[in-house]
Each structure stands twice: as C-alpha cells, then as structure tokens.
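Colleague: Numbering-wise (this note's numbering), the sequence shown opens with residue 1015 and increments by one. Glycine residues also receive a C-beta, built at the ideal position from the N, C-alpha and C atoms.
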Amino acid sequence: MYRRFGWLAGFLLLGPLTAKGDAPKPSDKADKIIEEIWEAAQLEGVKIGSVHTTVRDVGGDEKRLRATVALELTFKRHNATMQLRMERGDEETADGEVVGVFMRQYQDQAQKVALSGVLEDGRMHVQIDGGRIDRRLRWSDEIVGVHRLEHLFQDRKPGPGSRFAFPSYQPTLNAVVPVQVAVKDAETVPLAGGRKSLMRVELRPDKIEAQGVPVQLPTEVWWLDGDFIPVRRQIELEGLGLVILTRTTRELATAGGSGRLPDLNQKNLIPLNRIIPRPYATRGAVYRVTLRDDPEPETAFARDGHQDVITGKDGVLELHVHPIRPGVAKNAASVAAEYLESCHFIDSDEARVKELARKAVGAEKDPWKIALRIERWVKQNMRPDDGAALGPASQVARDLRGDCRGYALLTAALCRAEGVPARTAIGLIYVEKAAKPYFGFHMWTEVSIDGHWIGLDGTLGRGGVGAEHLKVADNSWHNMESLTPLLPVNRILGKTTIEIVSVEAGE
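1) Counting only runs of 3+ residues fully inside the region 1047-1102, write out the beta strand (DSSP E) ranges in chain order.
2) For the putative contact between Leu-1484 and Phe-1453, defined by C-beta atoms under 8 Å, what is the C-beta separation to the nearest angstrom?
3) Please say whether Val-1335 and Ala-1481 have beta carbons closer to each other than 9 Å?
4) Tell me which residues share the same chain as Gly-1416 and place their Cβ nearer than 6 Å to its Cβ, disregarding the 5 neighbours each side in the sequence.
5) Considering only the alpha carbon of each residue, which of Ile-1222, Tyr-1444, Gly-1255, Gly-1420 lies closest to Pro-1285?
6) For Thr-1233, report the span of its beta strand (DSSP E) as first-last.
7) Given a threshold of 16 other Cβ atoms within 10 Å of its Cβ, counted over all protein chains shown, does Phe-1178 qualify as buried or as exposed?
8) Please list the terminal residues of the continuous beta strand (DSSP E) segment that includes Lys-1485.
9) Exposed or buried, what is Pro-1337 when buried is set at 16 or more other beta-carbons lying within 10 Å of its beta-carbon?
10) State the DSSP-derived secondary structure class of Glu-1332, mapped to helix, strand or coil.
11) For Phe-1455, list the residues DSSP reports as bridge partners.
12) Please classify Ser-1490 as buried or exposed, where buried requires at least 16 other C-beta atoms within 10 Å of its C-beta.
13) Decide if Ile-1047 is buried, meaning its Cβ has at least 16 other Cβ atoms within 10 Å, or exposed.
14) If we call anything under 9 Å between Cβ atoms a contact, is Val-1112 one with Asp-1155?
15) Could you say which of Arg-1146, Phe-1116, Gly-1144, Asp-1488 lies nearest to Met-969 if we only look at CA atoms?
16) When you compare only the Cα positions, how much space is there between Ala-1427 and Trp-1458?
17) Fully enclosed by the region 1349-1407, which beta strand (DSSP E) runs are 3 residues long or longer?
18) Using three-state DSSP, classify Leu-1031 as helix, strand or coil.
19) Taking buried to mean at least 16 other C-beta atoms within 10 Å of its own C-beta, is Ile-1512 buried or exposed?
20) DSSP beta-bridge partners for Asp-1104?
21) Leaving aside the five residues before and after Gln-1194 along the sequence, list all residues of the same chain whose C-beta is less than 6 Å from its C-beta, in chain order.
22) So, helix, strand or coil for Arg-1419, using DSSP?
23) Among Arg-1476, Asp-1488, Ala-1054, which one has its Cα closest to the Cα of Thr-1262?
24) Within the continuous alpha helix (DSSP H) that includes Asp-1169, where are the two ends?
25) Going by other Cβ atoms of all chains shown within 10 Å of its Cβ, with 16 needed for buried, is Ile-1324 buried or exposed?
26) Whole beta strand (DSSP E) runs in the region 1174-1215 with 3 or more residues, listed along the chain?
27) If distances are taken between C-alpha atoms only, which option among Ala-1422, Leu-1231, Gly-1207, Val-1235 comes closest to Ile-1213?
28) Would you kindly check if the distance between the Cβ of Phe-1359 and the Cβ of His-1441 is under 9 Å?
29) Applying the 10 Å Cβ sphere with the 16-neighbour rule, what's the burial state of Pro-1228?
30) Kindly indicate which residue of Gly-1114, Ala-1081, Ala-1351, Ser-1408 has the alpha-carbon position closest to the one of Ala-1371.
31) If the criterion is Cβ atoms closer than 9 Å, does the pair Ala-1206 and Pro-1174 meet it?
32) Mind checking who Asp-1148 pairs with in its DSSP beta bridge?
33) What is the DSSP secondary structure of Ala-1519, reduced to helix, strand or coil?
34) Can you give, in chain order, each stretch of the beta strand (DSSP E) that sits fully within the region 1253-1341 and has at least 3 residues?
35) Kindly list the residues whose CB is nearer than 8 Å to the CB of Arg-1474, restricted to its own chain and excluding five residues on each side of it in sequence; keep chain order.
36) For the region 1182-1191 against the region 1492-1509, are there 3 or more C-beta pairs whose distance is under 8 Å?
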C-alpha cells in the first residue's frame, strides 16, 4: 500500500468526500499491539500534528496483522482552525500479502468518508459510502502493505544507487499505482539533539491519468539510519507544502506546538504583479507563467477554445485567454454521451436535481438560455460554505450550500437534467485579498452549445466566464467515484508564478 501518505492526494486542498450512513468499523483496541511508531509533523518549523502507526495481531485461524496509519493535523482555513484526522491501513498475512484495506477520514470529529475492501477470488472487493460505491480491483500478492513497507528496506538492505519498484494501493483514488524507488547517498540532516548522516531514499509514483490528463502524485523522501529504519520523512501535502515527519516518542508527538498555524487558503494564493480593474468582465488577457521543477510545463494548462498556451524560452509559458460565446466559434465538434449522462458526482437523474432544474428553467427551450437561467438560479439560491464536504450534486441540491466545487457540480447536474451537455473545469480564478491581487484554486462549469464548450460560474452568476479564469483541466466525471478529476491543479499550486502581461477590458 503505497507510501504511507499517497492516500492524502488532494484531500487537504480539495476537501473531503461525504459519507452517508457508513457502518462503523469494529474496534480493534482489544487486539494485541505488536509494533507502534510515533512521528511528529512539522511545516516550516511549526508543529502541526502527529502520525501514529500501529500493527496489531488480529488472531484467527490464520495469522493476520492489521496495520493502521493515523494522521492528525491542525491548520487554518480562512482564519478558522480546522482539525483533520485520517486513518488508513490494511490486513496482511504473515507472508505480507494484503488481504483487506480500509480508510476513514474525519473533519472536526465528524466522519466524512469510509472505505473498506476484502480480497475475494483474486480481486479486492472495495466498498465506499456503506456500499453505495462497489468496485472489484485486479489484485496481486506483490502489492506492498503498510507493515511490509515499514520493513522493506530492512529486508532488502539496499545501497546507494539501488533502484527497484513495487505496486501500491491508493485508497483515495481507489487504484493500484506502481512506485519507483531510488536510493541515494547519505546526507546530513537535522534530528533531535543535532545532525546525523542518513541514507536518502526517494519514492516516486508513476503518473496516473484522469480522463487523459496525466497527474503526477508527489515524491516522498525517507531518511534511513544505519539499521535501515526510516527516522525522518518528507511528504508533500497538497495545499500545505512539504511536511517533515520525525520519529519520536508519544509524548513529544502529541504535545502541543508553538508558532502560527498555516492558513490553507493563503498558502495556495499566487500573487500577481498588478490589479485587474473589473476582472470578471474581461474579454481577453495574456499571462506569463513559470512553473518550478516541472519537466513539461507546456502540459500544465488546457489548450482549447477558452485559451491557448504558447511555450517560450526556458519553459516560460504565455497563456492567451479568450473566452468564447455562442455563435462566435466555428468548426463545432460532436459531444460524447457521457456529458449528458448521470454519474456518481453529477447525478442528474436524481429527483431533487430534476425538481430544481425545472424551477430554474421554467418553460425555456433554448439551450444557451437554459444554461444561463441555471447559472443565475445557482448563484441566487446557493449559500457559500468553505467547510462543506464534497458530495454528489444531489446532496448539494438538498443542502444548497458548498464551496466552488459544489456550485460547479450542481450547475452541471441541472444542465444535464435539462438536456444541455455539461462538465466541470478546474484551474485558477482572479481574487483580491486585502487590496492585493492573486490567483487561487477554483472550479466552474462548462456547457456545450452547438458543439462548443462555454464556461459558466455559479459562484458569480454573470452569464459566462471571462479571462480571469485560467483553465487547467476539465472532466465529465464519467465512471469517477474519487477526487481524481481534481488532482491536475495540484501540479501548479505552490509551484507557479504568474505575471499579467495585458488585459482586454469588457463592456
């Protein structure tokens, strides 16, 4: 089960999923603990939480081990303190074969999602949300679990220059992903009480694809002592940055920290060189973009009717943004059926979604006017709530509150319910904080009118989007039950500088 923290991909920045009526897992407190590890988590020198790994002997006719990694973090979001707790793990045989998986995620003590899986006939039978999502994954006894991974380097005793790979299970994505391991030379790193020479090991997952968009999950770095035990780790948590985990005692791991907690939203804002007057009315704009440590920066942003990407010297990009309107673009393309069909997150066939669509649209028959009415209705009836968990559009339709993701999913579902092809787009939007200009993460909706994809934004309700929306990727959410469609934006947040070159004002 890859990297002890690959399962966090997208969770902090993009938010948790919701869970409805998940059956509680049996308590494993009575099982005998045979191994226990505590780690303190620090970000930029500030303690933000802890990681607790336990391995229990769960008994039974066959020897089984239940390994659990529990992470607790405290951070701020819009100046409000939030507590996040996540647990994931597996059951392994004495030979290290993974025969069961599980994950639980909590926000401020409320459970948001639960996943469990059992190996049956060579496939992992995974259920999410109390069985509402049911999948069977191809499985292999080569997949490395939590306990096996913790002892992998002690068993192999690799030297500098060694390379190997192993398959891992990513519960957040509900997928098996190969991981490439590279052992480097020893380097001196800070530890409690001084500095120590430790062997560096890099664990890098292979790229995955979200409907054709390549996504690179972060590399994790471990430092091993002379007994090949990982005593220090570096993990990248999307939305926070590089977090250092140091093996320590329970008392030190759980002790309160000092210093100012990081603000999740503030850390992901990209500062700009100047303010854009009337930004949401712009007709066009040119931006100069630089991505740090990205071997293929030209693939980081979408190329479509909304914008062009021009690669300049040293990988510097120019984004030429020119949103289209109905009747302007030519050479219309056909639209696949998946953009009209109901799916897990855009469940346009749900009764509540259909009811709201009828209210929003009335007797209107023109597709573009239908889309505009829906965008306006969502703006007028939704209530912003950055603390809301991400659920299907039908849940958003019942609660009528959420962040930009909820607005976008509901807008797309209402459009599909009225026969207008729709999808979501992710990227960046222009914002001002304390009179200073930034780009920040955003999600909106696109509808197909006469075969051309046109942006709508239910958070603004302005009858389309302007050149203040920079698009990274789009997705129909067809056959998607995870947050995979949101991951491409992680590639740019915290790693990008943007300069406004020119702006074409609107009317």
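Modeller: So, from the data block:
1) Fully enclosed beta strand (DSSP E) runs of 3 or longer: 1060-1071, 1078-1091.
2) That belief holds up - the Cβ atoms of Leu-1484 and Phe-1453 are roughly 7 Å apart, short of 8 Å.
3) yes
4) Asp-1399, Ala-1402, Val-1410.
5) Measuring from the Cα of Pro-1285, the nearest candidate turns out to be Tyr-1444.
6) If you look at Thr-1233, you'll find it isn't in any beta strand (DSSP E); DSSP assigns it neither H nor E.
7) Flag for Phe-1178 reads exposed.
8) 1483-1489
9) buried
10) strand
11) Leu-1442
12) By the Cβ neighbour-count rule, Ser-1490 is buried, with 16 or more other Cβ atoms within 10 Å of its own.
13) exposed
14) yes
15) Given a span of 1015 to 1521 for the chain in the structure shown, any question on residue 969 remains unanswerable.
16) So the two alpha carbons sit approximately 12 Å from each other.
17) none
18) Bear in mind that a pLDDT of 47 at Leu-1031, under 50, signals an unreliable position, so the number given afterwards is only what the model happens to contain. Looking at Leu-1031 - three-state DSSP - the assignment turns out to be strand.
19) buried
20) Ala-1081, Val-1115
21) Within its own chain, the residues whose Cβ lies closer than 6 Å to the Cβ of Gln-1194, once the five positions on either side in sequence are excluded, are Ala-1179, Arg-1218, listed in chain order.
22) In the structure shown, Arg-1419 sits in a helix (DSSP, three-state: H, G or I).
23) Ala-1054
24) 1166-1170
25) exposed
26) 1177-1184, 1189-1205
27) Per the sequence shown, residue 1213 should be read as Met rather than Ile. That would be Val-1235, whose Cα lies nearest to the Cα of Met-1213.
28) Before going on, a small fix: residue 1441 reads as Gly here, not His. Their beta carbons are not under 9 Å apart, which means Gly-1441 does not touch Phe-1359 by this criterion.
29) Exposed, because fewer than 16 other Cβ atoms sit within 10 Å of the Cβ of Pro-1228.
30) Ser-1408
31) no
32) Gln-1141
33) coil
34) Complete beta strand (DSSP E) runs here, min 3: 1255-1262, 1298-1305, 1321-1325, 1331-1335.
35) Note that residue 1474 is Leu in the sequence shown here, rather than Arg. Excluding sequence positions up to five before and after Leu-1474, its CB lies within less than 8 Å of the CB of Tyr-1294, Lys-1393, all in the same chain and listed in chain order.
36) yes
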